[in-house]
Every structure is written in structure tokens, then in C-alpha cells.
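Engineer:
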Amino acid sequence: MPGFRLRVRQRWMVLTALLLAAAAGVGLPIALKIQAGATLEERLEIASRLLQEVPLIDG
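Just so it is clear: in the sequence shown, position 17 is 17 by full-length UniProt numbering, and no numbers are missing.
1) Please report the Cβ distance between I34 and I46, rounded to the nearest whole angstrom; I am assuming they are in contact, meaning their Cβ atoms lie under 8 Å.
2) Taking only three categories from DSSP, how would you classify T16?
3) For I57, does the three-state DSSP call read helix, strand or coil?
4) Taking the straight line between their C-alpha atoms, what separation do you get for T39 and L50?
5) With DSSP collapsed to three states, give me the class of I34.
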């Protein structure tokens, strides 16, 4: 059943691509906000602002 195996492989490749795109969509903006030499206080401030804008739990 080589045709079936190819379809399964294609599904995994598409799923992997979608997960990578989602991770980049979330991680890249966060990485761009934080400077490389940011102090702990600056990083905590950014994390606090991020959680106020997008809470982990809705409701």
C-alpha cells in the first residue's frame, strides 16, 4: 500500500508545517519585543504586558 503510506506522510508533513507556522506566529513577536541585553525586570514587564493583552485562560 505505497499510496496509503504516501498520504499519511503528506498529512504529517502538512501538520508539521502548520505547527511550525503557529509556533513562529506566537514566538517571533515575543522574541522581537525582548532585547538581547534586557534585564530581568524588563523581561518580567514584557511578560506581564503580554499576559494582560492575551490571558492564558479566557473567562
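Even glycine gets a Cβ: it sits at the ideal position worked out from N, Cα and C. Predicted, not measured: the structure shown is a model, and the values here were computed from it.
Structural biologist: According to the structure shown:
1) With a contact defined as Cβ atoms closer than 8 Å, I34 and I46 qualify at about 6 Å.
2) Assignment of T16 by DSSP, reduced to helix, strand and coil, places it in the helix class.
3) coil
4) 17 Å
5) coil
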